[in-house]
Amino acid sequence: MSSLFISALTKNFGKLKAVDNFSLEIASGTVHSLVGENGAGKSTVVKCVYGLYSPTSGSFELNKQKISIKTPRDAMKYGIGMVHQHFMLVPSLPVYKNVVLGDEPFHGLVFDDKQAIESVASLSSQYGLEIDPLAPVHSLPVGIQQRVEILKLLYRKAEILIFDEPTAVLSPKEIDGLFSIIKEFRKAGKTIIFIAHNLNEVLAISDVITVMRKGKHIATLPRAEANAENLASLMVGHSVHIPVLEETSSHELKSCIEIKNLTVLGDRHQEAIKDFSLEVHKGEIVGIAGITGNGQSELEEAISGLRTVKEGQIFMGGKDITYLSPLKRRREGFSYIPEDRIKTGLAPLASLKDNALLGYQYKSSFLKRNFFQNFPAIKKFTQNLMKQYNVMAANENIQAGTLSGGNMQRLVMARELEQAPEFLLVSQPTRGVDIGGISFIHDRLLSLRKDGKAILLISADLDEVLSLSDRVAVINRGTLVAILPRKEANRTLIGRLMLEGV
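Using my numbering, the first residue of the sequence shown is number 1342, and each one after it goes up by one.
Written as structure tokens, this is what we have:
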């Protein structure tokens, strides 16, 4: 069993103080969660603990003994391991070779396959991980790949395990499985440091919760004294409004978008979407729920006009828009907030001004004599957007790529919603966004719905889908397996459909 004490930790990046004189004691055999807004310093703290960053100042104690951590190898020497959000696996190798890579057992001068397989199988059984040591990693679902990452730490005898946003890519059933594993670790006396944006998950798994804000330690609470409301308030420094979906009578709703028998090919020419049909009404939010990689990205790109449709049709207001370009769709009142805000939603090297116009630069309000850009009007428009949507930046001339993830998302949302669309396609609207940003974005989406607009929401966050959607459409392997009204939708049923289909 290992207890960790972080003393007066400070980490500067140039003039930015990412962590500011942060001290914390993490008791052995507990699940200790760190929560805070984007940029609060959570990930920076654990990256210092794991040796990925060198602290500007501060020290660490393990079991009341001072230790020096300068590299991940140092951290592992002291029994500290980290499960990264983006896995560090070799897809072509089997599980057991991934686990022992860099620390292989040898029989003489020869790699001892038998011992490696037995070690991995034994650890897997001991902690209920249920992994076939011989399975190639590329054949495993995401939740099982994460278990391989955990096995790598157990094999190296880690006593303190850091989980940085571990649930971001998991289905509800996989999250339950992960939490069962973490509870087994706690029973075995291991210490867990857990980071997540989802406060319900934090409350479900934690013994102790520490709140950070602007790099500082704000509060440490035992689980019994914590709830979503007081944690959110501590994170942002004021009370947080949680938007609530109001019921709408379905008989009043008129069709806005109709998708008929859509089939779409993926990048490897396989059928990523198969015979998909769905209608979205005015004044309604329809949420798409599914495990990441089940066709959501291809569906999003087909509806937005970024991917060619193989078969089927898409209608908007009764007009066939299946083969219209993204620009022509916008002229029909179609707005789009993409999954990848950097690659698709923004031009990172262009200014905020330029990004505020993307897709709408030919509107008469931004032109002089229908040809030349109206720079004063563009500047005023951008400044108003930044103020209205609380985009935090020095001015409208800086590059969009220098913004934080949450501010990038606010800029994309500001641009798309300001055009008063009839239909909004929005994908992963709050991925990587902090609690204050999530509340703001949800409030804007519900306001749009209240104004009678149609919204198709694609999100890997099932809580988000359930809290915002009038109906939930479940996708499995590119096929629509169910459409559930809000009253019938629950985590258990949707989670099963996401994993197993009908």
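Positions of the beta carbon are idealized from the N, C-alpha and C atoms, including for glycine.
For the candidate residues the options, whose alpha-carbon lies nearest to that of residue i?
i	options	result
residue 1664	1647, 1766 and 1697	1647
residue 1421	1746, 1497 and 1720	1497
residue 1346	1623, 1574 and 1402	1402
residue 1816	1631, 1803 and 1769	1631
residue 1344	1781, 1697 and 1419	1419
residue 1428	1707, 1486, 1535 and 1533	1486
residue 1349	1746, 1372 and 1399	1399
residue 1442	1489, 1466 and 1406	1489
residue 1811	1802, 1821, 1801 and 1797	1797
residue 1807	1836, 1821, 1792 and 1788	1836
residue 1913	1423, 1404, 1406 and 1405	Nothing can be reported for residue 1913: it is not among the residues displayed for the chain, which extend from 1342 to 1843.
residue 1430	1494, 1548 and 1414	1494
residue 1840	1394, 1743 and 1635	1635
residue 1414	1394, 1828, 1481 and 1535	1394
residue 1526	1566, 1482, 1463 and 1371	1371
residue 1741	1706, 1699, 1716 and 1830	1699
residue 1702	1597, 1598 and 1757	1757
residue 1405	1708, 1691 and 1366	1366
residue 1805	1793, 1787, 1822 and 1792	1787
residue 1482	1506, 1514 and 1460	1514
residue 1674	1656, 1803 and 1827	1656
residue 1749	1355, 1528, 1517 and 1686	1686
residue 1581	1791, 1534 and 1784	1784
residue 1769	1537, 1633 and 1791	1633
Give every residue of the same chain whose Cβ lies closer than 6 Å to the Cβ of residue i, excluding the five residues on either side of it in the sequence, and list them in chain order.
i	result
residue 1358	1556
residue 1446	1453, 1456 and 1457
residue 1416	1391, 1392 and 1410
residue 1601	1618, 1653 and 1654
residue 1362	1349 and 1351
residue 1368	1344
For residue i and residue j, I'd like the C-alpha separation in whole angstroms.
i	j	result
residue 1379	residue 1554	9 Å
residue 1614	residue 1819	4 Å
residue 1625	residue 1640	19 Å
residue 1813	residue 1595	18 Å
residue 1512	residue 1569	21 Å
residue 1688	residue 1475	44 Å
residue 1825	residue 1629	11 Å
residue 1592	residue 1643	Low per-residue confidence applies at residue 1592: pLDDT is 49, beneath 50, and the placement is therefore not dependable, though the value from the model is reported in the following sentence. If I take the Cα positions, the gap works out to 29 Å.
residue 1849	residue 1610	In the structure as shown, the chain starts at 1342 and stops at 1843, and residue 1849 therefore has no counterpart that could be examined.
residue 1745	residue 1731	12 Å
residue 1448	residue 1480	29 Å
residue 1491	residue 1530	16 Å
residue 1645	residue 1659	17 Å
residue 1519	residue 1833	16 Å
residue 1809	residue 1714	38 Å
residue 1649	residue 1516	34 Å
residue 1552	residue 1793	38 Å
residue 1383	residue 1550	12 Å
residue 1505	residue 1661	45 Å
residue 1747	residue 1775	7 Å
residue 1616	residue 1599	13 Å
residue 1466	residue 1577	42 Å
Cutting at 7 Å between CB atoms, please list the residues of its own chain near residue i, excluding the five before and the five after it.
i	result
residue 1509	1426
residue 1723	1693, 1694, 1697 and 1737
residue 1397	1351, 1352 and 1353
residue 1612	1604, 1606 and 1819
residue 1720	1694 and 1737
residue 1464	1492, 1495 and 1496
residue 1789	1758, 1765 and 1796
residue 1651	1604, 1605 and 1606
residue 1830	1807 and 1813
Chain B beta carbons: is any one of them nearer than 7 Å to that of residue i?
i	result
residue 1448	Considering every chain present, this structure includes no chain B. It has just one protein chain.
Sorted by chain position, which residues of the same chain lie with C-beta nearer than 8 Å to residue i's C-beta, five sequence neighbours on each side aside?
i	result
residue 1521	1469
residue 1461	1436, 1437, 1440, 1441, 1472, 1474, 1492 and 1496
residue 1845	Outside the modelled stretch of the chain, which goes from 1342 to 1843, sits residue 1845, for which no answer is possible.
residue 1407	1400 and 1401
residue 1622	1591, 1594, 1595, 1596, 1597 and 1795
residue 1432	1477, 1478 and 1479
Does the segment 1382–1395 touch the segment 1561–1580, meaning 3 or more C-beta pairs lie closer than 8 Å?
no
Segments assigned alpha helix (DSSP H), at least 4 residues, entirely inside the segment 1495–1559
If we require 4 residues or more, the alpha helix (DSSP H) runs fully inside the segment 1495–1559 come out as 1513–1528 and 1540–1546.
Flag this pair as touching only if the segment 1751–1771 and the segment 1677–1690 have three or more C-beta atom pairs under 8 Å; answer yes or no.
Contact between the segment 1751–1771 and the segment 1677–1690 is present: three or more C-beta pairs spanning the two stretches fall below 8 Å.
Three or more C-beta pairs below 8 Å linking the segment 1500–1508 and the segment 1460–1476:
no
Give a yes or no on contact between the segment 1568–1583 and the segment 1780–1790, applying the rule of three or more CB pairs nearer than 8 Å.
Cβ pair count under 8 Å is three or more, so yes.
I'd like to know if the segment 1535–1555 and the segment 1360–1378 are in contact, where contact means that at least 3 CB-CB pairs between them fall below 8 Å.
yes
Quick one: any contact between the segment 1714–1734 and the segment 1654–1674, if contact means 3 or more CB pairs under 8 Å?
Taking 8 Å as the limit for Cβ pairs, the verdict is that the segment 1654–1674 does not touch the segment 1714–1734.
Which ranges does the beta strand (DSSP E) cover as unbroken runs of at least 3 residues, wholly within the segment 1560–1631, from first to last along the chain?
1596–1606, 1612–1622 and 1625–1630
May I ask you to verify whether the segment 1786–1801 touches the segment 1762–1769, counting CB pairs closer than 8 Å and requiring at least 3?
yes
Length at least 3, wholly inside the segment 1408–1485: the beta strand (DSSP E) runs in chain order
The segment 1408–1485 is shown to contain whole beta strand (DSSP E) runs of 3 or more residues at 1421–1424, in chain order.
Counting only runs that start and end within the segment 1662–1730, where is the alpha helix (DSSP H) found for 4 or more residues in a row?
1667–1672, 1693–1698 and 1716–1729
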